[in-house]
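Worksheet: the structure to be examined is printed underneath.
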Amino acid sequence: MPRDSTRSLGAALRPLSSPPPRVYRCCRQPAAMGRSPCCEKAHTNKGAWTKEEDERLVSYIRAHGEGCWRALPKAAGLLRCGKSCRLRWMNYLRPDLKRGNFTDAEDELIIRLHALLGNKWSLIAGQLPGRTDNEIKNYWNTHIKRKLMARGIDPQTHRPVGAAAAATAAVLGTGAPAAKPESSDDGGNSSGASASASAGTTEEPRCPDLNLDLSVGPPPAPAPTPSVCLCYRLGQACRCQRGGGPGVQQGTFGYLRPLEQGQYT
DNA sequence: AAACGCGCCAACCGCGTAGTA
DNA sequence: GTACTACGCGGTTGGCGCGTT
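Numbering (the numbering used here), first residue to last: 4 to 268.
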């Protein structure tokens with residue numbers, strides 16, 4: 004599982020749903036030689052969460068808020084690693100989660116966002132209030148891929164299947180089909196899409212032939228500069244700035260979710 | 001009714017990134 | 001600049017439930 008080089012992109016494009024800049028003081032510990040394990044595995048539970056564990060976690064977070072995941076299990080009296088607590092909260096216990104089936108509109112939005120972003124599930128989730136990256140990833144792998152294939156569209160390239168094969172052959176400079184044409188069917192985890200998406204610095208845009216209408220909110224505002232930020236691509240009111248606000252690197256665009264009521268006021 | 005296969009999804013794993021000392 | 005840590009992300013896996021034989 005090669006790690007793609009898009010982490011910087013992901014970081015630059017971090018959605019607003021991400022917590023504010025982290026403060027580690029509460030859980031920082033004296034520097035120790037070597038990397039300590041994220042948790043004491045011998046004394047942590049694994050597997051499915053019990054109702055009691057859920058209740059403990061929820062009540063603790065209600066009282067103290069999110070953050071300091073490493074210290075949280077001990078403070079909350081949970082025999083879980085902080086990572087596990089965070090995942091449970093983010094993917095299942097958060098009160099703003101929308102449970103239930105995806106709507107057709109959500110389906111289409113996910114497809115369009117995936118065409119634009121690749122396997123950037125957290126970014127996609129940022130556009131679907133109440134949905135988690137894990138949920139969307141699972142839904143993509145179990146439903147949408149099949150749906151696209153039924154339409155004759157390659158779920159990784161978002162091109163007609165035949166065109167995708169031809170394009171691959173052209174890139175390889177051979178007439179032969181791709182070496183691993185089925186690699187994309189390994190649960191959608193091939194990095195093909197993310198690789199092509201992540202190579203945005205040098206490659207042409209994904210699916211240049213697609214005229215994506217990604218309007219998910221107000222009509223797109225005119226791009227303030229020739230550069231195109233992701234908000235604009237997504238048809239959102241653009242609040243990006245160059246070298247601007249907190250968390251936005253000099254010379255880069257931040258990626259911001261649509262404004263929620265009362266946000267940034 | 002039992003066995004089997006398959007799909008779904010919650011949870012885990014490992015790595016990259018960013019913040020701090 | 002370096003070392004270290006916590007966090008967040010994407011990929012992967014294991015178990016459960018359901019449908020089929």
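All residues carry an ideal CB built from backbone N, CA and C; glycine is no exception.
At a cut of 8 Å, does the segment 86-97 reach the segment 56-69 through at least three beta carbon pairs?
yes
Taking its Cβ as the centre, do 16 or more other Cβ atoms sit within 10 Å of threonine 83, making it buried, or is it exposed?
First, the residue type needs correcting, since residue 83 is arginine and not threonine in the sequence shown. Answer is buried; the Cβ neighbour count reaches 16.
Here's the rule: buried if 16 or more other CB atoms are within 10 angstroms of the residue's CB, otherwise exposed. What is threonine 106?
exposed
Give the straight-line distance between the Cα atoms of lysine 123 and leucine 131, rounded to the nearest whole angstrom.
13 Å
Count the other CB atoms within 10 Å of the CB of glycine 121; is the residue buried (16 or more) or exposed (fewer)?
buried
Taking the alpha helix (DSSP H) that lysine 54 falls in, what are its first and last residues?
54-67
Can you check which of these residues, Arg102, Ala79, Glu69, Ala78, is closest to glutamate 138 by C-alpha distance?
Arg102
Three-state class that DSSP yields for alanine 35 in the structure shown
Its pLDDT being 34, under 50, alanine 35 is placed unreliably by the model, and the measurement read from it follows with that caveat. In this structure, alanine 35 counts as coil in the three-state DSSP scheme.
Rounded to the nearest angstrom, what separates alanine 74 and cysteine 88 at their Cα positions?
10 Å
Find out if the Cβ-Cβ distance for the pair aspartate 110, serine 125 is shorter than 8 Å.
no
Simplified DSSP state of proline 163, which is helix, strand or coil
strand
What separation, rounded to the nearest whole angstrom, lies between the Cα atoms of lysine 49 and glycine 85?
12 Å
Starting from tyrosine 95, trace the alpha helix (DSSP H) both ways and give me its first and last residue.
From DSSP, tyrosine 95 is part of no alpha helix (DSSP H); its letter is neither H nor E.
In the DSSP output, which residue or residues are listed as bridge partners for isoleucine 156?
Pro163
Limits of the alpha helix (DSSP H) - the one that aspartate 110 falls within:
107-120
C-beta atoms of leucine 151 and isoleucine 114 nearer than 8 Å:
yes
Classify alanine 78: buried if its beta carbon has 16 or more other beta carbons within 10 angstroms, exposed otherwise.
exposed
Consult DSSP for lysine 150 and reduce its assignment to one of helix, strand or coil.
helix
For aspartate 188 and glutamate 55, I'd like the C-alpha separation in whole angstroms.
Confidence is the limiting factor: at aspartate 188 the pLDDT is only 38, short of 50, which leaves the residue's position unreliable and the question unanswerable from this model.
Nearest-angstrom Cα separation, counted from leucine 112 out to isoleucine 156:
16 Å
Would you kindly check if the distance between the Cβ of leucine 90 and the Cβ of glycine 133 is under 8 Å?
no
Could you tell me the boundaries of the alpha helix (DSSP H) in which tryptophan 124 lies?
124-129
Using the Cα positions of alanine 118 and glycine 80, report the straight-line distance between them to the nearest angstrom.
43 Å
Between proline 163 and isoleucine 147, is the Cβ-Cβ spacing less than 8 Å?
no
Give the straight-line distance between the Cα atoms of glycine 129 and leucine 116, rounded to the nearest whole angstrom.
10 Å
Put arginine 89 into one of helix, strand or coil per three-state DSSP.
helix
Over what stretch of residues does the alpha helix (DSSP H) that includes lysine 77 continue unbroken?
75-79
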